[in-house]
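Enquirer: My structure is below; once you've seen it, I'll send some questions.
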Amino acid sequence: MSIIYKRETCLRKDLFDSFIRMFVEAGWEVLEDNGTEKDYRIVIHSKGSNGRSPMYLAFYPYSGQDALGKPSYDIRKNNSTDGLFKWIREWDYENKKEISIYGNWNRLNFFYRSPKLTYGGELTLSQDLEMEYYCYADLDRVVFIAIPNETILKQQKPGQAVQPIVHFFGIPEETYVEEKNEPSYSCAIHASSSTSYIGMDYAFLTCNTPKRLLDNFAYQNSFTYLTCYPAPAEGGSNNGTIMLWDLYIAEENVGLRAKLGFLQCFKPNGKIITDGRSGDTIEIETENGIEVYLPFWANYFSYSSESNYKTTSSFGRDITYLAIRIR
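Position one of the sequence shown corresponds to residue 3 (my numbering), numbered consecutively onward.
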C-alpha cells in the first residue's frame with residue numbers, strides 16, 4: 003500500500019504527547035482508566051477498521067517501571083527521554099481496568115538506549131532538543147519515526163547514536179494465517195529499531211496465536227523475525243539501481259504469516275546518504291507519477307550483557323535500510 007507519511011516537528015519534551023496525538027487523530031479512543039496505574043499512563047484503544055479487531059495499548063511517560071509517578075523521571079517534564087508501554091490483552095469496561103496483558107513491560111524508546119526497563123542507565127537530554135518525526139496512522143496501526151537534531155544531540159551527548167527510531171504498532175497490511183482469538187485478526191505486533199526484547203536477535207512482539215499450529219509452542223507473546231522477500235541482493239551497490247522490497251513476517255513453525263506493509267527495505271547503492279536528514283530521497287516512477295521516499299538506516303542496536311548479547315532492533319539481516327514514502 004503506497005501511503006504518504008506526514009512530517010512534523012516538536013521539542014523533545016513534547017514528543018510523547020505528539021506520539022499519543024497521532025493515535026487520537028486517527029480515531030483511537032483514550033479510555034477512562036481506574037486501574038492501579040491510572041495516574042501514570044494513557045490507555046489507547048481501537049476496534050480496527052473492521053470493528054472486530056480490538057487493540058489496547060497503555061503508554062507510560064516515565065523512564066522506568068520503578069519510576070512511575072516520580073516527576074524527575076517524567077519524560078514530558080524533565081531530561082529523561084524514553085518511556086514504557088504494555089500491550090493489554092483484555093479490558094474490563096465495567097471496572098475500567100486491564101484484565102490481562104501480553105508479556106510484560108516493554109520500552110517505548112525515542113532514542114537508542116539500553117533495553118533495561120528500570121530507570122538505571124537511562125538516557126537524559128535537554129527538553130528543548132529539536133526533533134522531527136514522520137507518522138502514518140489509521141484504525142489498524144500507527145507507524146512513528148523520530149529523528150533528533152544531529153548537531154545538537156552530538157553536542158549534548160557525544161557518542162550517542164543519532165539514527166532515526168521507528169515504531170510499528172498494530173496489524174500488518176496483509177495477513178495469511180487464521181488466528182485462535184475471537185473475533186479473529188492476525189498477529190497485531192510491535193516492531194521497533196530500539197526495543198527491550200532480548201530473547202532473540204531482531205525480535206519483536208506478536209500478540210496473537212495461529213489457529214492451526216501443530217505443536218504446543220507458546221506463540222502468544224512470541225519473538226520471531228522480519229524478513230525481506232525477495233532479498234534485495236540485486237538492487238543497490240551492484241548496479242546503482244535501488245529497488246524497494248516489502249517486509250514479511252515469517253515463523254519457523256507457521257511459515258509466511260503476514261506482509262508488514264507501510265515500511266519498505268532496500269540495499270543502498272553508495273550514492274545516497276541514509277541518515278534521514280540529508281535531504282537525499284529515492285524517486286520511483288509509476289503510472290501515476292513520481293513517488294518520493296525517505297531512506298534511513300534502522301539497525302543500530304544495543305549489544306551487551308544487558309541484552310544477553312542479542313541485538314535489540316527488530317530490523318536486521320537483509321532489512322537494515324528502510325524507506326517511507328513522503329510525497
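No residue lacks a Cβ here, since even glycine has one placed at the ideal position from N, Cα and C.
#1: Given this structure, state the Cα-to-Cα distance separating residue 313 from residue 205, to the nearest angstrom.
#2: Restricting to runs no shorter than 3 residues, where is the beta strand (DSSP E) found entirely within the stretch 120–145?
#3: Taking all protein chains shown into account, decide if residue 323 is buried (16 or more other Cβ within 10 angstroms of its Cβ) or exposed.
#4: Go to residue 26, then tell me how far its alpha helix (DSSP H) extends in each direction, as first and last residue.
#5: Are residue 11 and residue 134 touching if we call contact CB-CB under 7 Å?
#6: Please say whether residue 104 and residue 115 have beta carbons closer to each other than 7 Å?
#7: Assuming residue 69 and residue 88 are in contact, meaning their beta carbons sit under 8 Å apart, how far apart are those beta carbons, in whole angstroms?
#8: Would you report the Cα separation of residue 98 and residue 272, rounded to the nearest angstrom?
#9: Less than 7 Å between the beta carbons of residue 165 and residue 299, yes or no?
#10: Relative to the alpha-carbon of residue 282, which residue among 4, 289, 288 and 326 has its alpha-carbon at the smallest distance?
#11: Terminal residues of the continuous alpha helix (DSSP H) containing residue 157?
#12: Does residue 117 come out as helix, strand or coil in the three-state DSSP assignment?
#13: Going by DSSP, which residues form a beta bridge with residue 316?
#14: Measuring only the C-alpha atoms, how far is residue 149 from residue 328?
#15: Below 8 Å on the Cβ atoms is my guess for residue 284 versus residue 138; work out the distance and round it to an integer in Å.
#16: For residue 4, does the three-state DSSP call read helix, strand or coil?
#17: From 262, 269, 288 and 189, pick the residue whose C-alpha is nearest to that of residue 57; which is it?
#18: Considering only C-alpha positions, which residue in the set 78, 48, 100 and 52 is nearest to residue 20?
#19: Can you tell me the Cβ-Cβ gap for residue 296 and residue 267, rounded? I've got them flagged as a contact below 8 Å.
#20: Tell me which same chain residues have a C-beta within less than 8 Å of the C-beta of residue 176, skipping the five on either side of it?
#21: What are the boundary residues of the beta strand (DSSP E) that residue 297 is part of?
#22: Per DSSP, which one or two residues make a beta bridge with residue 269?
#23: For residue 59, report the span of its beta strand (DSSP E) as first-last.
#24: Please give me, in chain order, every unbroken run of the beta strand (DSSP E) with length at least 3 that falls completely inside the stretch 30–109.
#25: With a threshold of 16 other CB atoms inside 10 Å of the CB of residue 269, please say whether the residue is buried or exposed.
#26: Once you ignore the five residues that flank residue 26 on each side, which residues in its own chain have a CB closer than 7 Å to its CB?
#27: What do you reckon, are the CB atoms on residue 167 and residue 196 nearer than 7 Å?
Expert: In short:
#1: C-alpha of residue 313 to C-alpha of residue 205: approximately 8 Å in a straight line.
#2: Taken in chain order, the complete beta strand (DSSP E) segments of 3 residues or longer contained in the stretch 120–145 are 132–139.
#3: Around the beta carbon of residue 323, 16 or more other beta carbons lie within 10 angstroms, which makes this residue buried.
#4: Where residue 26 is concerned, the enclosing alpha helix (DSSP H) stretches over 17–27.
#5: Going by C-beta atoms, residue 11 is nearer than 7 Å to residue 134.
#6: Contact: no.
#7: Not confirmed; about 15 Å, so no contact.
#8: In this structure, the alpha-carbon of residue 98 lies about 53 Å from that of residue 272.
#9: The answer is yes: Cβ separation under 7 Å.
#10: The shortest C-alpha separation from residue 282 is found at 326.
#11: Residues 152–158.
#12: Here residue 117 sits in coil by DSSP.
#13: Residue 316 pairs with nothing; no bridge assigned.
#14: Annotation: residue 149 to residue 328 spans about 15 Å, alpha carbon to alpha carbon.
#15: The Cβ separation is near 17 Å, so there is no contact.
#16: Looking at residue 4 - three-state DSSP - the assignment turns out to be coil, as it is neither helix nor strand.
#17: It is 189 whose Cα lies nearest to the Cα of residue 57.
#18: Relative to the Cα of residue 20, the nearest Cα in the group 78, 48, 100 and 52 belongs to 78.
#19: Contact doesn't hold; Cβ gap of about 13 Å is too wide.
#20: Residues of the same chain with a CB within less than 8 Å of the CB of residue 176, apart from the 5 flanking positions on each side, are 260, 261 and 263 in chain order.
#21: Residue 297 -> beta strand (DSSP E) spans 291–299.
#22: According to DSSP, which records beta bridges pairwise, residue 269 is partnered with nothing at all.
#23: It spans 57–62 - the beta strand (DSSP E) in which residue 59 sits, taken as one unbroken run.
#24: As far as the stretch 30–109 is concerned, its whole beta strand (DSSP E) runs of at least 3 residues are 44–48, 57–62 and 85–94.
#25: Buried, because 16 or more other Cβ atoms sit within 10 Å of the Cβ of residue 269.
#26: Leaving aside the five residues that flank residue 26 on each side, the residues in its chain whose CB is nearer than 7 Å to its CB run, in chain order, 32.
#27: Yes. Within cutoff.
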